[in-house]
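So for the sequence shown, the working numbering puts the first residue at 41; every next one is plus one.
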Amino acid sequence: MAKQVKEIDLIIVGGGPAGLTAAIYASRARLDMLLLEDKVMGGQVRNSYTVENYPGFKKVAGSELADIMQQQAEELGATIEEFDIIENVKLDGEEKIVETEEFIYKPKALIIATGASPRKLPIRNEEKFAGKGVHYCAVCDGAMYQNKVIGIVGGGNTALEEAIFLTNFAEKVYLIRRYDYFRGEKAVLEEVEKNEKIEILYNEDLIAVDGEDFVEKGIIKNTITGEEKEIALEAVFGSIGHEPMVNLFKEYINISKGQYIITDENMRTNIPGVYAIGDVREKEYRQITTAVADGTIAALEAEKYIKKLNK
Ligand SMILES: Cc1cc2nc3c(=O)[nH]c(=O)nc-3n(C[C@H](O)[C@H](O)[C@H](O)COP(=O)(O)OP(=O)(O)OC[C@H]3O[C@@H](n4cnc5c(N)ncnc54)[C@H](O)[C@@H]3O)c2cc1C
């Protein structure tokens, strides 16, 4: 069956805080808009155990914050399609095209808010044990490891926070760090150090996991002496950063060395009417507050752009 063609003012791709903020502003501007999310709504925030640095909320579960943002956007009139996969995008012709399984959308403006996804651990057997002891989201998968020994690899705030979170379930958590310092906040590190269930393994690199059907052990290599040793563990969580989700767009859009989308301070990309916001954008700080700021600016810019086109 031929796909239905739909002309529309604005398409927002990605339903994290950046995309949802853009949806809130676009709805209030009465734009004919659609937000497409290929997974569950909320983005990375949904995986955050608690958020304590989003103004207005002293302490809120990430999933609750995501739900409130979505509810707010929908109550203001935003149209949201969850679990809708974009098959193709064309941004080089007269018209912009966003093609899903059912529709060919022709938006006047496009906001890319696809965020980032966790970087895979560069360890032996990563693929073999993916989901069977190798994980990337403590909030999503941590509860599977009640009273087990878990490893977590990373050096930033997320790794520190996830180590603390995993002690809710695990008997013991190894926090594996290839250097002798952490990049995360001092206050969080102090909390980790006080936690009796966490053992920090400084100057150690996790190089492999192994087992029968599920992970049963990890192999760590000392980054100073080169000595390798086995540790018994039933799961390992990777927390070594994120990769921007740019594949659909990189044929058309200018991308930085680190694969992030390059914009000006008004979120404009190299293509008129195409904006990029949030964690997918080249910038210094990637937080909820910075994502929502980007979303605000892009939606206001898109509104201006569409009004001009309509004149
Ligand atoms: C565990 C964890 C804890 C965190 N804690 C905090 C915190 O306490 N405070 C703070 O400020 N920040 C925190 N952050 C960072 C914060 O969550 C991010 O900076 C923020 O979510 C970025 O928002 P975003 O909308 O740009 O991207 P994301 O949140 O990454 O959302 C992008 C969305 O786009 C979707 N998407 C991707 N590709 C496509 C596609 N092709 N089609 C359709 N949809 C697509 C994704 O599924 C996702 O839902 C945390 C992050 C993590 C992982």
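For glycine and all other residues, C-beta sits at the position ideal for the given N, C-alpha and C.
Sub-8 Å separation of Ile52 and Tyr145 beta-carbons: No, these two residues do not count as a Cβ contact at 8 Å.
8 Å Cβ cutoff met for Gly54 and Glu77: Yes, Cβ-Cβ distance for Gly54 and Glu77 is below 8 Å.
Ligand 1 heavy atom lying under 7 Å from the CB of Ser67: Checking every heavy atom of ligand 1 against the Cβ of Ser67, none is found closer than 7 Å.
Phe205 classed as buried or exposed, judged by whether at least 16 other C-beta atoms fall within 10 angstroms: Counting of Cβ neighbours within 10 angstroms places Phe205 among the buried residues, the total reaching 16 or more.
Length-filtered (3 minimum) beta strand (DSSP E) runs lying within the segment 158 to 211: Entirely contained in the segment 158 to 211, the beta strand (DSSP E) runs reaching 3 residues are, in chain order, 189 to 193.
Backbone CA spacing between Tyr221 and Leu215 [nearest angstrom]: Going from the Cα of Tyr221 to the Cα of Leu215 covers about 12 Å.
Sheet register partners of Gly258 (DSSP bridge): Beta-bridge pairing by DSSP links Gly258 to Val249, Ile271.
Three-state secondary structure (DSSP) of Gln334: For the record, residue 334 in the displayed sequence is Asp; it is not Gln. When DSSP states are grouped into helix, strand and coil, Asp334 belongs to the helix group.
Environment of Pro57 [buried if 16+ CB atoms lie within 10 Å]: With 16 or more Cβ atoms within 10 Å of its Cβ, Pro57 is classed as buried.
Short Cβ contact (8 Å threshold) for Asn197 with Val232: It is not a contact, given that the beta carbons lie outside the stated cut-off.
contact_flag[the segment 61 to 78, the segment 104 to 122] where n(CB pairs < 8 Å) is 3 or more: Taking a cut-off of 8 Å for Cβ pairs, the segment 61 to 78 and the segment 104 to 122 touch, as three or more such pairs fall below it.
Entirely enclosed alpha helix (DSSP H) segments - the segment 69 to 144, minimum 4 residues: DSSP runs (the alpha helix (DSSP H)) wholly in the segment 69 to 144: 102 to 115.
Contacting residues, own chain, Cβ-Cβ under 6 Å from Ile125 (five flanking each side not counted): Asp78, listed in sequence order.
heavy atom of ligand 1 below 7 Å from Ser88 C-beta: Short note on Ser88: C-beta closer than 7 Å to some heavy atom of ligand 1.
In DSSP terms, what Gln44 is bridged to: Answer by DSSP bridge pairing, in chain order: Phe143.
Own chain residues within Cβ distance below 7 Å of Lys188, not counting five before or after: Around Lys188, the same chain offers Ala210, Glu211, Glu274, Ala275 as residues with beta carbons nearer than 7 Å, after the five sequence neighbours per side are excluded.
Helix, strand or coil at Leu148 according to DSSP, with G and I counted as helix: Here the sequence assigns Lys to residue 148, which means Leu is not the residue at that position. Three-state DSSP puts Lys148 in a strand.
Distance, Thr336 Cα to Glu115 Cα: Cα to Cα, Glu115 sits roughly 17 Å from Thr336.
Counted within 10 angstroms of its Cβ, other Cβ atoms place Leu71 as buried (16 or more) or exposed: So Leu71 counts as buried.
Nearest-angstrom Cβ-Cβ length linking Ala153 and Val320, presumed shorter than 8 Å: Rounded, the Cβ-Cβ distance is 7 Å, consistent with contact.
Chain-order list of residues whose beta-carbon lies under 7 Å from that of Ile311 (same chain, five-residue window excluded): If we look at Ile311 and ignore the five residues flanking it on each side, its Cβ neighbours are Leu131, Tyr292, Ile293.
heavy atom of ligand 1 below 7 Å from Pro57 C-beta: Yes, ligand 1 has a heavy atom inside 7 Å of this Cβ.
Identity of the residue in Ile317, Lys234, Met184 nearest Leu200 by Cα: Ranking the options by Cα distance to Leu200, first place goes to Lys234.
Residues bridged to Gly266 [DSSP beta-bridge criterion]: Answer is none; Gly266 lacks a bridge partner.
Whether Ala101 touches Glu343 by CB criterion (8 Å): No, these two residues do not count as a Cβ contact at 8 Å.
Same chain, Cβ closer than 6 Å to Tyr242, five either side skipped, listed in chain order: Only Arg217, Asp220 meet the Cβ criterion.
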